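Read through the structure below, which is laid out as structure tokens, and then see the notes.
Numbering (the working numbering), first residue to last: 7 to 181.
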């Protein structure tokens with residue numbers, strides 16, 4: 007005896023397929039909504055947390071950079087011989103600031119990224135030169151990185167104008 011099953015009619019197949027697709031879409035939409043809401047809450051809490059941490063970080067960075075700025079006092083634009091003479095002490099002070107005082111934690115960028123405050127720091131700290139202008143330039147880049155990190159100048163044009171004025175003074179000293 008052979009049982010023969012009749013095939014379901016096309017309307018039933020269409021209704022079952024449509025119902026399954028609709029149910030799957032509703033479940034998918036609900037799951038997506040839950041994940042989206044959870045991610046939104048997490049993103050919001052991270053943002054609030056970062057905001058308060060960023061305020062604390064900026065306060066700490068300003069304090070650390072004050073110490074760094076004091077280290078740079080031996081490199082001035084007034085006396086070329088003094089710049090060369092003070093280089094080893096200033097570099098020792100930079101080393102202490104970076105590691106002993108923990109200031110290196112606040113420098114932005116990476117040591118191998120040209121133009122970053124951290125790259126400028128290591129270039130100044132490791133410079134071997136008896137050329138006052140070369141020394142001043144290296145330390146200028148460090149000071150520039152610090153000012154950029156702190157947002158001291160309102161625009162690049164303001165900073166460029168100040169830099170040109172200092173360069174002119176240096177050239178006048180060399181004459």
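For glycine and all other residues, C-beta sits at the position ideal for the given N, C-alpha and C.
Keep in mind it's a predicted model, so treat the numbers as computed, not measured.
Please go through the same chain and pick out, in chain order, the residues whose beta-carbon is closer than 7 Å to the beta-carbon of residue i, but skip the five residues on each side of it.
i, result
"residue 113", "123, 124 and 127"
"residue 168", "none"
"residue 80", "92, 95 and 96"
Taking the C-alpha atoms as reference points, what is the distance between residue i and residue j?
i, j, result
"residue 84", "residue 109", "27 Å"
"residue 176", "residue 151", "20 Å"
"residue 25", "residue 39", "21 Å"
"residue 19", "residue 13", "10 Å"
"residue 61", "residue 29", "48 Å"
"residue 165", "residue 48", "39 Å"
"residue 37", "residue 23", "21 Å"
"residue 45", "residue 35", "15 Å"
"residue 31", "residue 16", "22 Å"
"residue 21", "residue 27", "10 Å"
"residue 121", "residue 146", "12 Å"
Is it the case that the Cβ atoms of residue i and residue j are separated by a distance below 7 Å?
i, j, result
"residue 100", "residue 77", "yes"
"residue 144", "residue 163", "no"
"residue 138", "residue 172", "no"
"residue 74", "residue 141", "no"
Report the residue from the options whose alpha carbon sits nearest the alpha carbon of residue i.
i, options, result
"residue 115", "26, 81, 89 and 148", "148"
"residue 65", "156, 167 and 173", "156"
"residue 69", "82, 41, 44 and 107", "107"
"residue 67", "154, 16 and 170", "154"
"residue 136", "41, 17 and 86", "86"
Residues in the same chain with beta-carbon distance under 6 Å from residue i, minus the five sequence neighbours each way, listed in chain order, please.
i, result
"residue 71", "152"
"residue 102", "none"
"residue 119", "125"
"residue 133", "144"
"residue 158", "none"
"residue 117", "124, 125 and 128"
"residue 63", "none"
Can you find the residues in the same chain that come closer than 8 Å, C-beta to C-beta, to residue i, ignoring five residues on each side of it along the sequence?
i, result
"residue 131", "97, 100, 101 and 104"
"residue 58", "The predicted position of residue 58 is uncertain, since its pLDDT is 47 and thus under 50; a value taken from the coordinates is nonetheless stated next. None."
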